[in-house]
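Below is one structure, written out as structure tokens; the observations come after it.
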Amino acid sequence: MPILSRYLLSVYLPPFSLCLGAFLAVLLMNYFLRLFNVAVSKGIAVSWVFLCFAKLAPYFLSLALPMAFLVALLLTLGQLSESGEIMALRASGYSFRELLKPFLAVALLLTALLVYTNNWASPQGFHAFRESYDEALAQISRLDFEPRALTRLGDWEIYSDAVRSQGGRLSGVRLIKRIGGYKRLRIAAPSGTAELMPRRGLRLVLVDGQLAWPNQDPQSHTTASFGRSELFIPFSDSERLLREPEIPELTTPQLRRRAADPAFEPARRREYATEATMRAAGAFAPLALFLVACPLGLSLERRSKAMGFALSLAVLFGYYGLLALGLGYGRRGGELAAWAPWGADLAALLAGAALWRRRLAR
Numbered sequence: 525m526p527i528l529s530r531y532l533l534s535v536y537l538p539p540f541s542l543c544l545g546a547f548l549a550v551l552l553m554n555y556f557l558r559l560f561n562v563a564v565s566k567g568i569a570v571s572w573v574f575l576c577f578a579k580l581a582p583y584f585l586s587l588a589l590p591m592a593f594l595v596a597l598l599l600t601l602g603q604l605s606e607s608g609e610i611m612a613l614r615a616s617g618y619s620f621r622e623l624l625k626p627f628l629a630v631a632l633l634l635t636a637l638l639v640y641t642n643n644w645a646s647p648q649g650f651h652a653f654r655e656s657y658d659e660a661l662a663q664i665s666r667l668d669f670e671p672r673a674l675t676r677l678g679d680w681e682i683y684s685d686a687v688r689s690q691g692g693r694l695s696g697v698r699l700i701k702r703i704g705g706y707k708r709l710r711i712a713a714p715s716g717t718a719e720l721m722p723r724r725g726l727r728l729v730l731v732d733g734q735l736a737w738p739n740q741d742p743q744s745h746t747t748a749s750f751g752r753s754e755l756f757i758p759f760s761d762s763e764r765l766l767r768e769p770e771i772p773e774l775t776t777p778q779l780r781r782r783a784a785d786p787a788f789e790p791a792r793r794r795e796y797a798t799e800a801t802m803r804a805a806g807a808f809a810p811l812a813l814f815l816v817a818c819p820l821g822l823s824l825e826r827r828s829k830a831m832g833f834a835l836s837l838a839v840l841f842g843y844y845g846l847l848a849l850g851l852g853y854g855r856r857g858g859e860l861a862a863w864a865p866w867g868a869d870l871a872a873l874l875a876g877a878a879l880w881r882r883r884l885a886r
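Just add 524 to wherever you are in the sequence shown, counting from 1, and you've got this note's numbering.
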């Protein structure tokens, strides 16, 4: 690698790392309090919070990487312009191509990384996070049934006249199955015990009870008695096990298949197609932002660092604003709806070409 490229990268990488860490911290902070409260209320180790952060990291990298790249690039070019190094290098015979080559290499590397992250790593990580989060919400860390109150646990609702926390003894127990197989099954017993099985469910032992199963005829039902019965109630209910994945949890190939499947409603198919297109357009954000940032950064002179930061915010607002508009238009429909998110990259290309023409004409 040429000495100039090594020097430019040594100036660029520290602010890039700082910006990337700052953007990731801000994005993850939105989830921190929610995850921390769940961990405390459910008696889960704090390490679970950091494990969730690791699963969410690819999801946030798809946004943080282009932002950090742009801000660091404009700060670096601003610093070089403010110190007069750009002018000195140009006077020494270095072309814009030689000056910007290392930054273009970084943009290409980040684009390749985002192609994989946006289409596969981010959806898989977000799906793993949702599964872990839902599982944590369903957990019970201690036996805290309130007497004379219905408590929802998995597919069941549990009621007890009296509850003794020591030994898990219950009296006047009634259970109703609300969802899943054997829906509306009712069980009643004068006494029983409850044993909490961590991360699994609740084990009930009922004595001298009865069960009632409704028939198709609403005026009749089947009853049976038992001397002793054991029942295991898992924390996860049937509805959670059959949960339909959200759009951010689907990989791009899965989105493409659903968009082409006539079994889905047209509006839903448009959402799948537009999301897949937005991921592809977002992957090329570093290259699009590179085209705009370089002529802006090379034009900076006085107070270049502050101006570079302000310009980076303006460019980010414009680019992601156009991306959001394209996403909204794509979901509403139209002949070119599926391609609407590419409008942000096209606008960046046109703006970059105009800025370069103006810069080279000076």
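Cβ coordinates follow ideal geometry from the N, Cα and C atoms, glycine included.
Classify Gln603 as helix, strand or coil using the three-state DSSP reduction. Taking the first residue of the sequence shown as position 1, residue 603 is located at position 79. DSSP, read as helix, strand or coil, puts Gln603 in helix.
Assumed close pair Phe650, Tyr706 - CB separation to whole angstroms, cut-off 8 Å: Translated into positions along the sequence shown, residue 650 becomes position 126. Translated into positions along the sequence shown, residue 706 becomes position 182. Contact doesn't hold; Cβ gap of about 34 Å is too wide.
Mark Tyr796 as exposed unless 16 or more other C-beta atoms lie within 10 angstroms of its C-beta, in which case mark it buried. Taking the first residue of the sequence shown as 1, we reach residue 796 at position 272. By the beta-carbon neighbour count (other beta carbons within 10 angstroms, threshold 16), Tyr796 is buried.
Taking 6 Å as the limit between beta carbons, can you name the residues of its chain near Leu699, skipping five residues before and five after? For the purposes of this step, residue 699 is taken as the residue at position 175 of the sequence shown. Non-local C-beta neighbours of Leu699 in its own chain, meaning closer than 6 Å and more than five positions away in sequence, comprise Trp680, Ile682 and Ile711, ordered along the chain.
Exposure of Thr891, with buried meaning 16 or more beta-carbon neighbours within 10 Å: Past the boundaries of the shown model lies residue 891; the chain is included only from 525 to 886, so the question cannot be answered.
Say whether the segment 603-621 touches the segment 803-816, bearing in mind that this needs 3 or more beta-carbon pairs closer than 8 Å, one atom from each stretch. With the cut-off at 8 Å, the segment 603-621 and the segment 803-816 do not touch.
Provide the residue span of the alpha helix (DSSP H) that contains Glu795, from first to last. Within the sequence shown, numbered from 1, the residue matching residue 795 stands at position 271. DSSP places Glu795 inside the alpha helix (DSSP H), whose first and last residues are Pro790 to Ala807.
If contacts are defined as beta-carbon pairs under 8 Å, then Ala563 and Trp572 qualify, I think. What distance do you get, rounded to the angstrom? As a first step, residue 563 is located in the sequence shown; it is residue number 39 there, counting from the start. As a first step, residue 572 is located in the sequence shown; it is residue number 48 there, counting from the start. Rounded, the Cβ-Cβ distance is 6 Å, consistent with contact.
For Glu768, which of Ser534, Asp658 and Tyr844 has the nearest alpha-carbon? Translated into the one-based positions of the sequence shown, residue 768 becomes position 244. Selection Ser534, Asp658 and Tyr844 evaluated against Glu768 yields Asp658 as nearest (Cα-Cα).
Let's see if you can read the secondary structure: which residues bound the beta strand (DSSP E) around Ala784? Position 260 of the sequence shown holds residue 784. Element bounds for Ala784: n/a, residue is neither H nor E.
Pull the bridge partners of Val687 from the DSSP assignment, please. Here residue 687 refers to the residue found at position 163 when the sequence shown is read from its first residue. Assignment of beta-bridge partners to Val687 by DSSP yields Leu694.
Sort Gly716, Ala686 and Phe560 by Cα distance to Phe750 and report the nearest one. Within the sequence shown, numbered from 1, the residue matching residue 750 stands at position 226. When each option's Cα is compared against that of Phe750, the closest is Gly716.
Which one or two residues does DSSP pair with Ser753 in a beta bridge? Counting from one through the sequence shown, the residue named residue 753 turns up at place 229. Answer is Leu730.
Where does the unbroken beta strand (DSSP E) through Thr717 begin, and where does it stop? Taking the sequence shown and counting its residues from 1, the one referred to as residue 717 is at position 193. For Thr717, the enclosing beta strand (DSSP E) begins and ends at Arg710 to Met721.
Suppose you measure from the CA of Gln690 to the CA of Lys566; what does that come to, to the nearest Å? Taking the sequence shown and counting its residues from 1, the one referred to as residue 690 is at position 166. Taking the sequence shown and counting its residues from 1, the one referred to as residue 566 is at position 42. For the pair Gln690 and Lys566, the Cα-to-Cα distance works out to about 19 Å.
Tell me whether Leu728 is buried or exposed, calling it buried when 16 or more other Cβ atoms sit within 10 Å of its Cβ. Reading the sequence shown from its first residue, position 204 is the one you call residue 728. With 16 or more Cβ atoms within 10 Å of its Cβ, Leu728 is classed as buried.
Quick check on Trp644 - is its C-beta less than 8 Å from some C-beta in chain C? As a matter of chain content, chain C is missing from the structure shown, which is built from one protein chain.
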